[in-house]
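Just so you know, the sequences run in chain order E and A.
Going by the working numbering, the residue at position 202 of the first sequence is 202; the numbering climbs one at a time, nothing skipped.
Every number in the working numbering is 251 more than the matching position in the second sequence, counting from 1.
Don't be surprised by glycine CBs; every beta carbon is placed ideally from N, CA and C.
Below is one structure, written out as C-alpha cells, with a few remarks after it.
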Amino acid sequence: MAEPLLQTRGITKSFGALKASDAISLDLHPGEIHALIGPNGAGKSTLIKQIAGNMTPDSGTVHFLGQDVTALDTVARARLGLGRTFQISALAMDFTVLQNAVLGALGARGGVMRFFLPVMKDRALLARAHEALERVGLQDHAATRTAELSHGQRRQLEVAVALTLKPKAFLMDEPMAGLGAGGSKRLTGFLDGLRAEAPILLVEHDMDAVFALADRISVLVYGQVIATGTADEIRANPDVRRAYLGEEDAP
Amino acid sequence: MTRETYINAALSLLLVLVPFWAWSTGQAYILTLCTKVAILALAGVGLNIALGLGGLVSFGHAAFFGIGGYAMGILASHAQTFDPIMDWPILIEGTKSMPMIWLVAMLASALAALLIGALSLRTSGVYFIMITLAFAQMLYYFTIGWPAYGGEDGLSIYVRNSFPGLNTLVPVQFLILSYVILGLALLFSARLARAPFGLALSAARQNADRVETVGIAPYRLRLVAFVISGAITGLAGALFADLNRFISPTMFSWHTSGEIMIFVILGGVGRLYGPVAGAALFILLEHLLGGVSDYWKIFLGALLLAVVLFARGGLIGTLAGREVAHG
Numbered sequence: 001m002a003e004p005l006l007q008t009r010g011i012t013k014s015f016g017a018l019k020a021s022d023a024i025s026l027d028l029h030p031g032e033i034h035a036l037i038g039p040n041g042a043g044k045s046t047l048i049k050q051i052a053g054n055m056t057p058d059s060g061t062v063h064f065l066g067q068d069v070t071a072l073d074t075v076a077r078a079r080l081g082l083g084r085t086f087q088i089s090a091l092a093m094d095f096t097v098l099q100n101a102v103l104g105a106l107g108a109r110g111g112v113m114r115f116f117l118p119v120m121k122d123r124a125l126l127a128r129a130h131e132a133l134e135r136v137g138l139q140d141h142a143a144t145r146t147a148e149l150s151h152g153q154r155r156q157l158e159v160a161v162a163l164t165l166k167p168k169a170f171l172m173d174e175p176m177a178g179l180g181a182g183g184s185k186r187l188t189g190f191l192d193g194l195r196a197e198a199p200i201l202l203v204e205h206d207m208d209a210v211f212a213l214a215d216r217i218s219v220l221v222y223g224q225v226i227a228t229g230t231a232d233e234i235r236a237n238p239d240v241r242r243a244y245l246g247e248e249d250a251p
Numbered sequence: 252m253t254r255e256t257y258i259n260a261a262l263s264l265l266l267v268l269v270p271f272w273a274w275s276t277g278q279a280y281i282l283t284l285c286t287k288v289a290i291l292a293l294a295g296v297g298l299n300i301a302l303g304l305g306g307l308v309s310f311g312h313a314a315f316f317g318i319g320g321y322a323m324g325i326l327a328s329h330a331q332t333f334d335p336i337m338d339w340p341i342l343i344e345g346t347k348s349m350p351m352i353w354l355v356a357m358l359a360s361a362l363a364a365l366l367i368g369a370l371s372l373r374t375s376g377v378y379f380i381m382i383t384l385a386f387a388q389m390l391y392y393f394t395i396g397w398p399a400y401g402g403e404d405g406l407s408i409y410v411r412n413s414f415p416g417l418n419t420l421v422p423v424q425f426l427i428l429s430y431v432i433l434g435l436a437l438l439f440s441a442r443l444a445r446a447p448f449g450l451a452l453s454a455a456r457q458n459a460d461r462v463e464t465v466g467i468a469p470y471r472l473r474l475v476a477f478v479i480s481g482a483i484t485g486l487a488g489a490l491f492a493d494l495n496r497f498i499s500p501t502m503f504s505w506h507t508s509g510e511i512m513i514f515v516i517l518g519g520v521g522r523l524y525g526p527v528a529g530a531a532l533f534i535l536l537e538h539l540l541g542g543v544s545d546y547w548k549i550f551l552g553a554l555l556l557a558v559v560l561f562a563r564g565g566l567i568g569t570l571a572g573r574e575v576a577h578g
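Take a look at the structure:
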C-alpha cells in the first residue's frame, strides 16, 4: 500500500483523569475515505483538534505528507494542504457566499498583505472561488449573504471553501450534520468523487453515509480505537457491535 | 451607487459648504471648529480600522494620539529655542516643517502600536480593552512627570508649524490642509477595506477559525491593522497639537481614548464615514449644548446610550441601513 498521507502515532491527550485520546494511531492513504465513528463523548472532536492543530497531544505525533507536524499550528498545517471543515459552520456570516470562497482562494494563493487593489476584482481568485461554488452547487447563491443561507447551504459552503484550498487531504467533521435526506445523499455522491482528488478523514454520525462511502472505518470508544477495517469487517466485529452499534439493531 | 455612498457624498458636501459659508462671511471660529472636526475624524478613521474592520476594541488609542502630539511638541519646541534634541553621537535638531513632523509622528506611533499591539493582541475581549487602556495611562502619567516638555502643565508652541507654499496660520489654509489629509486617509481606508488585507481582517473579526483554516494567521493581520490604525491616529495627534499650538498629557488620558471611540460609535462602527459623522456630531453637540449647560456631556451620554441600544450602526447605519457587501 502507498505511503499514508496523514498519520497519527500513539496520540494521547488527558483532561485530568479522563483520557480523551488513548494512544490513537490512524492513517489516511491516498484515494481513500477513512471514516471515524464512535458514540458521543468517544473523543472524536479532541482527536480532530489534534490533527488540525488546535490542540497539542500530551504524547504521540502527527505526520502529514511525511513530515512531523505535531508542533505546527493550524495555520501552518492548513498551508501544507490540510483542508478542514467544521462541525458547526465556521464562516464569515456578514460576507457574501462568494467572499467566503474568495477568502479561501486568497489563503491558498497567499499575498494577504496587499492593501490597495480590490480583492473582489482579482480574476484569478474569483475564478477559483466560482469553480468551487459551482462544484458544490452554490453558484446561484454567490451574491447571497452567508447569514441568510440555510443550514444545508452553509455546509455546502464549508466544503466549497475547503475546495478552494485544493488541499492534499480533507479533514471533515460531520459534514452531513443537520442535512435532510436529500442533501445528505447529494453530499455523499459528491464526497464519493472527491476522494480521487484528495483522501478524506471523515467524522460522521450518519451511518448510511459512512457505510456507503468509507473504504475503511475506525471505531473510537472512550478514547481508544477498538477496531479498524472495511465496512463489512466493522459490521461483523463483535467488539464494535457490543460497544457501539448495539447487538440488536446492527445495520 | 448604494444609499451609503449618497449619504457619504452629502456629508462631504456639508463639510465643505459650512466652512465655505464661514469663510465668505469671515467667521474664523467656525473654520477652526471645522478643522477640529476633520482632525478628530482622522483620529477616528485610524481607530475605525482596528475597531470597525478588525473588531479590536482598543481603549488606548490616546497613546497614539498623544505620541503624535508630543512628536510635534518636542520637534517644534526645540526648533523654537534653537536647542538641538541631541548633539551626540549625531546631531538631531528640532523642526517646524509639518511634513517632517507628520513623518516622525506616524513612525513613532506606528512603532508604539507595534509594541503595544504585539503584547496586547495576545489577549482578547475585556483583557484587550484593559491592557490597551493601561498602556495609554502609563504614557499619560509618564508625560505628567516629564518636566522637559512641560510636565502636567503642557507646552505651548507659539507659531504654527509650516507647510511648503502655505501660510498655515491663516485658518482656511490650515483647514484645507486638514481636509486633504482626512480625504487621503478616507481613500486609503476605503481601499484597505476592499483589498485582500481588508477581506482577511474582516473575516478574522467574524470568525478567526475560518481564517486559520485557510492558512492565514489572524494575529499577524490584527497586528498590522493595529499599527496602521495607530499611525493614522498619531498623525491626527500631530495635527491636533498644531491646531491648538499646545500639547498636554490630556492627549494621552483615557478621556481622549473614550472620545475617539465615541466618534466611531456615534457615526457607525466599521462605516467608512462613521468617524466623520461622529466627530461632526460630537463637535456640533459640544458647540450647541455646551452653550446651554456646562453639563452637556449628560446629553451626549444619553445619545450614546440610545445609539448603542437602538441604532447599532450609528448615524450612518441608521440612515443607510445594513451594510452591503463590498465589491
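Within the DSSP secondary-structure output, E:Met172 pairs in a beta bridge with E:Thr85 and E:Leu202. DSSP, reduced to helix, strand and coil, places E:Phe116 outside both helices and strands of the structure shown, so it counts as coil. For A:Glu463, the residues of chain E that pass the 7 Å Cβ criterion are Thr74, Val75 and Ala78, in the order they occur in the chain. Residue pairing by DSSP places A:Ser407 opposite A:Phe497 in a beta bridge. Of A:Phe514, A:Leu474 and A:Val558, the smallest CA-CA separation from A:Ala369 is found for A:Leu474. Your pair E:Pro118 and A:Ala446 checks out as a contact, with CB atoms roughly 7 Å apart and the cut at 8 Å. Residues of chain E with a Cβ closer than 8 Å to the Cβ of A:Arg445 are, in chain order, Pro118, Val119 and Met120.
Looking at the backbone, the Cα of A:Ala330 and that of E:Gln67 are separated by about 60 Å.
The Cβ atoms of E:Met172 and E:Ser184 lie no closer than 8 Å to each other. Within the DSSP secondary-structure output, E:Ile37 pairs in a beta bridge with E:Val219. A direct Cα-Cα distance of roughly 49 Å separates E:Ala143 from A:Pro500. Of the candidates A:Met351, A:Val527 and A:Ser440, the residue whose Cα lies closest to the Cα of A:Leu326 is A:Met351. Within chain A, the C-beta atoms nearer than 8 Å to that of E:Ala92 come from Ser453, Ala454, Gln457, Asn458 and Arg461, in chain order. Listed in chain order, the alpha helix (DSSP H) runs fully inside the segment 515–548 of chain A are 525–543, counting runs of at least 4 residues.
CA-to-CA, the gap between E:Asp206 and E:Leu179 works out to about 10 Å. Minimum Cα-Cα distance from A:Arg442 among the listed residues A:Arg522, A:Phe393 and A:Tyr430 corresponds to A:Arg522. By the neighbour-count criterion, in which 16 or more other beta carbons inside 10 Å mark a residue as buried, A:Gly277 falls on the exposed side. Judged by DSSP secondary structure, E:Val62 falls within the beta strand (DSSP E) whose first and last residues are Ser59 to Phe64. When the five nearest sequence neighbours on each side are left out, the beta carbons in the same chain lying within less than 6 Å of the beta carbon of E:Leu201 are those of Leu28, His34 and Leu171, in order along the chain. E:Leu18 and E:Arg123 have their C-alpha atoms roughly 51 Å apart. Cα atoms of E:Val75 and E:Val69: separation of roughly 11 Å, rounded to the nearest angstrom. If you look at E:Thr56, you'll find it isn't in any alpha helix (DSSP H); DSSP assigns it neither H nor E. Three or more beta-carbon pairs drawn from the segment 378–389 of chain A and the segment 310–318 of chain A are found closer than 8 Å, and the two stretches are therefore classed as touching. Taking 8 Å as the upper bound for CB-CB distance, E:Thr146 and E:Leu187 are not in contact here, some 18 Å apart.
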